[in-house]
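**Q** The sequence shown begins at 745 in our numbering and counts up one residue at a time.
Before I ask anything, let me first share the structure, which is written out below as structure tokens.
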Amino acid sequence: MKPRIVLVKTPDPRKVYDSLMEGLSKTLSAKNFEVKVVEPKQDNIQQVVNEIMEFKPLFTFDFNMDGLIFAEKDGQQKILPDILGNIHVSWFLDDPMIHYAKIKPALQSNQILYLTIDIDHGQWLGSMGKNVAFLSPGINPSDFPPPNTKKEFDLAFVGPVKDPDIVELSWKERFDDNLFAFAVELGRLLYRNPDMPVRFASGYLLSQFNQQFQSAMIKFQQENDVGFFQYLTEVVLYAMHMRRWHIIDSIEDFEINILGPVEGETKDNVVVYPEITENKAIIDFLSKTKITILSHPPFIPTGLAYTVFASVGANTLTMVEERFTTKALLVDGRDLITYHPIDSVEIEGKIAYYLEEAPQEREMIAKQGRDTVFQHHTIIQRGEFIADMLTDVIKRAEKENGESGQEEKQEGEVPDKDQIN
């Protein structure tokens, strides 16, 4: 009997996860898994639970733990995999810290396997005793048009972008003076140090404050860990917007097209496309662009985000900050170009060089980058990795139990409709 896996499809305005889920479904099916896709909504949770129960999967899968269902058993709230006895795999394409409110209720479960795209994310989850594996993002080749050598635009930047002064003004209304000062200083520290993880940076900066404030922040984290991580998330977004605003503001001599919303007054050489936010629309625009500048969210201090692979795969020369894993996945000068995010002279100098002095080199790097992504960094390769990993889990379980986990898997009762969250 084929091992069974349920892919839990959840809403995604950018439609990145929809595309990746489609690719995973095909790849896992080709790797001898029996795949079922479910789409839980507010009015069909009980029906989805019934379908999962009837299917009897060994594994369930989602992105960013958005598809994890909670139910009540023996008067306690538990995740559905704990009740049914299957393993839940969640692939975090964002920093898991952003999703801590969803992770916290499931921390006691040993039925979850966390996949992360950043080494720092894995270390953080591992420090809590969680089962973690590293898996960088990949693209779905069906999302991409044929290579386009006739470019309509010189320069694109993938947003969103916000004037950091707007963030500071909102903080002044919501935070007391100490929380405001710490947030601003922490954001500036992350801005100056692109590869510094926020959790390390927070601890380092806190040690520079007085003992009374240190005690207050430690108490904040201990008594309201969800609120504390939401606070850090806001600070990271502030650092991201500082970096992006600086890059946009420092480009003087070239028209730059921003894809996605912009908050704040920009210069005359900036053209904004606020409606271009979905995955395919971004890819289509980048495929018609000579150079694309990306600025990593500081949430990803060591790895590469999905957008990097999508941009490189779109056959546009992609400029992005260097990360620890860049050299192992995409090579600077061969597949893309790296830059330091606060060095405005370097950024504009490289733009001028590849637009005006070295168009053939620019096209060569864009082509090589696309070839590398299509050969090595697709959802097909990532799906094969997941399939092999889950097959190893099955083999280890069979070796330990002396029998197939699929046939002997414990079945639980279907929770009542009123017990499903």
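Every residue, glycine too, gets a C-beta built ideally from N, C-alpha and C.
Give me the DSSP bridge partner(s) of LYS820.
**A** The sequence shown places Gln at residue 820, rather than the Lys named in the question. Answer is LYS817.
**Q** Is HIS1120 buried or exposed, if buried means 16 or more other CB atoms sit within 10 Å of its CB?
**A** exposed
**Q** What are the start and end residues of each continuous beta strand (DSSP E) run of 3 or more residues lying completely inside the segment 1007 to 1079, in chain order?
**A** Within the segment 1007 to 1079, the runs of beta strand (DSSP E) that reach at least 3 residues and sit entirely inside it are, in chain order, 1014 to 1017, 1033 to 1037 and 1061 to 1065.
**Q** Which residues share a DSSP beta bridge with TYR1098?
**A** Beta-bridge pairing links TYR1098 to no other residue.
**Q** If you reduce the DSSP assignment to three classes, tell me which class SER880 lands in.
**A** coil
**Q** One question on the structure: do LEU1061 and ARG1106 come within less than 7 angstroms of each other, judged by their Cβ atoms?
**A** yes
**Q** Compare the C-alpha of PHE998 against each of ILE1037, MET745, THR771 and ALA877 and name the closest.
**A** PHE998 has its Cα closest to that of ILE1037, out of ILE1037, MET745, THR771 and ALA877.
**Q** Rounded to whole angstroms, what's the CA-CA distance from ILE1164 to VAL782? Just pull it up for me.
**A** For ILE1164, the predicted model reports a pLDDT of 42, less than 50, meaning its position is unreliable; a value from the coordinates is still stated below. So the alpha carbons of these two residues sit roughly 16 angstroms apart.
**Q** Rounded to whole angstroms, what's the CA-CA distance from PHE972 to ARG987? Just pull it up for me.
**A** 23 angstroms
**Q** Within the same chain, show all residues whose beta-carbon is closer than 6 angstroms to that of LYS817, passing over the 5 residues directly before and after it, in chain order.
**A** ILE827
**Q** In terms of alpha-carbon separation, which member of ILE1109, ILE856 and GLU1019 lies closest to MET1063?
**A** Selected option, being the one with the closest Cα: ILE1109.
**Q** Can you tell me whether ASN968 is buried or exposed? The criterion is at least 16 other CB atoms within 10 Å of its CB, across all chains shown.
**A** exposed
**Q** In the structure shown, what three-state DSSP assignment does ILE1081 receive?
**A** strand
**Q** Quick one: grab the DSSP three-state call for ILE856.
**A** ILE856 falls in the strand class under three-state DSSP.
**Q** Considering THR804, what are the terminal residues of the beta strand (DSSP E) in which it resides?
**A** 803 to 807
**Q** In three-state DSSP terms, what is ARG918?
**A** The DSSP-derived three-state label of ARG918 is helix.
**Q** Would you say LYS775 and ALA1131 are within 7 angstroms of each other, going by their C-beta atoms?
**A** Taking a C-beta distance under 7 angstroms as the contact criterion, LYS775 and ALA1131 qualify as a contact pair.
**Q** Taking Cβ to Cβ, would you say LEU879 is nearer than 7 angstroms to LEU859?
**A** Cβ atoms of LEU879 and LEU859: closer than 7 angstroms.
**Q** Could you tell me which uninterrupted alpha helix (DSSP H) segments, each at least 4 residues in length, are contained entirely in the segment 745 to 779, listed from first to last along the chain?
**A** The qualifying runs are 760 to 774.
**Q** Take PHE944 as the anchor and find which of MET765, GLU1100, PRO1042 and ARG748 has the nearest alpha-carbon.
**A** PRO1042
**Q** What separation, rounded to the nearest whole angstrom, lies between the Cα atoms of HIS985 and PHE1029?
**A** Here the C-alpha atom of HIS985 lies approximately 22 angstroms from the C-alpha atom of PHE1029.
**Q** ILE910 and GLY1047 - do their beta-carbons sit closer together than 7 angstroms?
**A** no
**Q** Exposed or buried, which one is GLU1065 when buried takes at least 16 other CB atoms within 10 Å?
**A** buried
**Q** Among residues of its own chain, excluding the 5 on either side of ASP898, which ones have a beta-carbon nearer than 8 angstroms to its beta-carbon?
**A** PHE998, GLU999, THR1033, LYS1034, ILE1035 and LEU1099
**Q** If you run the structure through DSSP and keep just helix, strand and coil, what is ILE1000?
**A** strand
**Q** Can you tell me where the beta strand (DSSP E) holding HIS832 begins and where it ends?
**A** For HIS832, the enclosing beta strand (DSSP E) covers residues 831 to 836.
**Q** Would you check if the distance between the CB atom of PHE805 and the CB atom of LEU751 is smaller than 7 angstroms?
**A** Contact flag set, yes.
**Q** Along the alpha helix (DSSP H) that carries ALA945, what are the first and last residues, could you check?
**A** 942 to 950
**Q** Please report the distance separating the alpha-carbon of ASN937 from that of GLU778.
**A** 45 angstroms
**Q** Identify, in the order they occur along the chain, each residue of the same chain with its Cβ nearer than 7 angstroms to the Cβ of GLY866, setting aside the five sequence neighbours on each side.
**A** THR860, VAL876 and PHE878
**Q** For the alpha helix (DSSP H) that contains ALA960, what are its first and last residues?
**A** 955 to 967
**Q** Report back the beta-carbon spacing between GLY1077 and PHE1118 to the nearest angstrom; my notes put them in contact at under 8 angstroms.
**A** In fact, because the Cβ distance is near 19 angstroms, the residues do not count as touching under 8 angstroms.
**Q** Just reading off the beta strand (DSSP E) that ALA850 is part of, what are its end residues?
**A** Taken as a continuous stretch (DSSP letters only), ALA850 belongs to no beta strand (DSSP E), as it is neither H nor E.
**Q** Who are LEU899's beta bridge partners in DSSP?
**A** In the DSSP assignment, LEU899 forms a beta bridge with ILE1035.
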